[in-house]
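Residue numbers (this note's numbering): 29 to 344.
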Amino acid sequence: MSEKILVIGANGQIGTELVTALRNIHGAEQVIASDINNPAYAIRHSGPFEFVNVLDKDNLHHIFTKHQPSQVYLLAAILSAVGEQKPKMAWDLNMTGLIHVLDFAVEFKTEKVFWPSSIAVFGPHSPKENTPQYCVMDPNTVYGFSKLAGERWCEYYYTKYGLDVRSIRYPGLIGWRASPGGGTTDYAVHIFHEALKKGRYESFLSADTALPMMYMEDAIRATITLMNAPAETLSIRSAYNLAGISFTPTQLADEIKKIIPGFEISYSKNDPRQAIADSWPKSIDDSYAHKDWDWQLEYDLPAMTIDMLENLKNII
Ligand code: AKB
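1. Going by CA-CA distance only, name the one from L262, H218 and D313 that's closest to A281.
2. Going by other Cβ atoms of all chains shown within 10 Å of its Cβ, with 16 needed for buried, is P199 buried or exposed?
3. If Y243 sits next to L254, beta carbons under 8 angstroms apart, how far is it from one beta carbon to the other, in whole angstroms?
4. Mind checking which residues open and close the beta strand (DSSP E) that includes A61?
5. Short check: CB of V141 to CB of V129, under 9 angstroms?
6. Report the residue from P167, K225, Y215 and S266 whose alpha carbon sits nearest the alpha carbon of W181.
7. Could you give the distance in angstroms between the alpha-carbon of I36 and the alpha-carbon of T333?
8. Any chance the CB of G200 is under 8 angstroms from a heavy atom of ligand 1?
9. Please state whether DSSP places L9 in a helix, a strand or coil.
10. In terms of residue numbering, what span does the alpha helix (DSSP H) encompassing V170 cover?
11. Compute the Euclidean distance between the alpha carbons of K285 and F291, then round it to the nearest angstrom.
12. Shortest alpha-carbon distance to Y101 belongs to which of P144, V164 and P160?
13. Starting from R72, follow the alpha helix (DSSP H) in both directions and report where the run begins and ends.
14. Determine whether the beta carbon atoms of R197 and S146 lie at a separation below 9 angstroms.
15. According to DSSP, simplified to helix, strand and coil, what is F275?
16. Can you give me the start and stop residues for the alpha helix (DSSP H) that Q99 sits inside?
17. Around the C-beta of N342, are 16 or more other C-beta atoms found within 10 angstroms, so that it is buried, or is it exposed?
18. Please find out if some non-hydrogen atom of ligand 1 comes closer than 8 angstroms to the beta-carbon of I36.
19. Indicate the three-state DSSP secondary structure (helix, strand or coil) for N342 in the structure shown.
20. Give the secondary structure of V193 by DSSP, where H, G and I count as helix, E and B as strand, and everything else as coil.
21. Starting from the C-beta of V80, find all residues in its chain whose C-beta is less than 6 angstroms away, skip the five residues before and the five after it, and write them out in chain order.
22. Just to confirm, are P277 and S234 a CB contact at a threshold of 9 angstroms?
23. On the CB-based measure, 16 or more other CB atoms within 10 Å of its CB, does T213 come out buried or exposed?
24. Please state whether the Cβ-Cβ distance between P97 and I33 is less than 9 angstroms.
25. Output needed for I42: all residues of its chain with C-beta closer than 6 angstroms, excluding positions within five of it in sequence on either side, in chain order.
26. At the level of alpha carbons, what is the spacing between E222 and R249?
27. Closer than 7 angstroms by C-beta to W308: which residues in its own chain qualify, once you throw out the five before and the five after it? Chain order, please.
28. Rounded to the nearest angstrom, how far is the Cβ of P155 from that of N168, given a contact under 8 angstroms?
29. With distance defined between alpha-carbon atoms, name the residue in D299, K85, D86 and V59 nearest to H73.
30. Buried or exposed: where does V193 fall if 16 or more other Cβ atoms within 10 Å of its Cβ makes it buried?
Laid out in structure tokens, this is it:
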């Protein structure tokens with residue numbers, strides 16, 4: 029039977045790329061992009077679009093009734109940096125939005141739900157290197173503890189109602205098709221734009237701040253691989269660790285210099301995002317993803333840098 033896939037939050041960094049990938053796989057008409065804001069041109073003109081506010085239960089109920097989705101991807105969220113400026117709004121959107129979708133997915137017998145978690149679920153007392161799937165988790169950002177609570181809700185709906193929810197703890201995501209929106213790892217996208225436009229960049233994270241990151245191509249492939257995996261192979265119904273590639277702003281700048289030799293990086297001080305980055309892991313152990321759904325990373329730091337610059341230079 030053909031899928032009917034609803035992507036909520038289609039205008040965001042992940043949504044823009046995921047909608048395109050899913051439309052290529054399932055056919056444009058089978059993938060309903062939705063967002064609270066006007067869609068990007070590519071989303072609007074490549075298939076169906078609906079305005080959706082996940083906090084508006086009537087609106088969301090109407091969309092489920094109209095489309096009866098077999099799969100839902102809920103991507104609408106407020107990320108770590110903006111979440112610290114609007115803590116109550118971040119909690120409300122990230123938590124209430126998730127529960128609305130989980131409830132309707134149960135009511136409408138949606139076959140599978142995808143919801144993104146993040147490395148932000150870890151906190152200052154979590155191990156920093158090779159952070160395991162199971163360890164102390166004391167996130168101190170609203171975004172981080174909304175993701176941790178969300179993971180618990182996902183597992184709860186799986187156990188209690190049999191809802192097939194799947195999730196990944198994404199590292200910082202780097203892509204050229206869409207801009208990130210309000211995260212701590214955003215520097216690793218901005219740096220490419222500024223390198224091409226100005227030949228220099230001021231990083232809001234310090235020179236030696238190592239964080240787990242991942243190229244969007246890998247992140248989309250991971251998401252679709254997890255969603256296609258046979259349910260019985262999945263041992264985790266909270267969210268899977270995903271390692272990606274760990275690097276510092278200096279290491280990324282050195283890689284960019286291999287292609288743009290005059291590129292210069294400087295570092296600002298006292299940015300509030302530094303404290304958030306300092307509370308997160310430097311690297312991640314993703315052995316469960318390897319074992320359960322045969323996950324393999326493709327893009328390392330040099331391959332990602334070459335591909336980013338190659339594609340970005342054609343569009344900026
Ligand atoms: C953020 O920086 O808030 C996000 C994330 C790591 O989840 N990119």
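For glycine and all other residues, C-beta sits at the position ideal for the given N, C-alpha and C.
If you're wondering where the values come from, they're calculated on a predicted model, not measured in any experiment.
Inspection of the coordinates gives the following:
1. H218
2. buried
3. Wrong, their Cβ atoms sit about 17 angstroms apart, outside the cutoff.
4. V59 to D63
5. yes
6. S266
7. 29 angstroms
8. yes
9. Outside the modelled stretch of the chain, which goes from 29 to 344, sits residue 9, for which no answer is possible.
10. V170 to Y189
11. 6 angstroms
12. P144
13. Y69 to R72
14. yes
15. strand
16. Per DSSP, Q99 belongs to no alpha helix (DSSP H); it is in the beta strand (DSSP E), Q99 to L102.
17. exposed
18. no
19. coil
20. strand
21. I36, S62 and I91
22. yes
23. buried
24. yes
25. L103
26. 27 angstroms
27. I147, A148, F150 and L239
28. At roughly 16 angstroms, the Cβ-Cβ gap does not stay under 8 angstroms, so P155 and N168 are not in contact.
29. V59
30. buried
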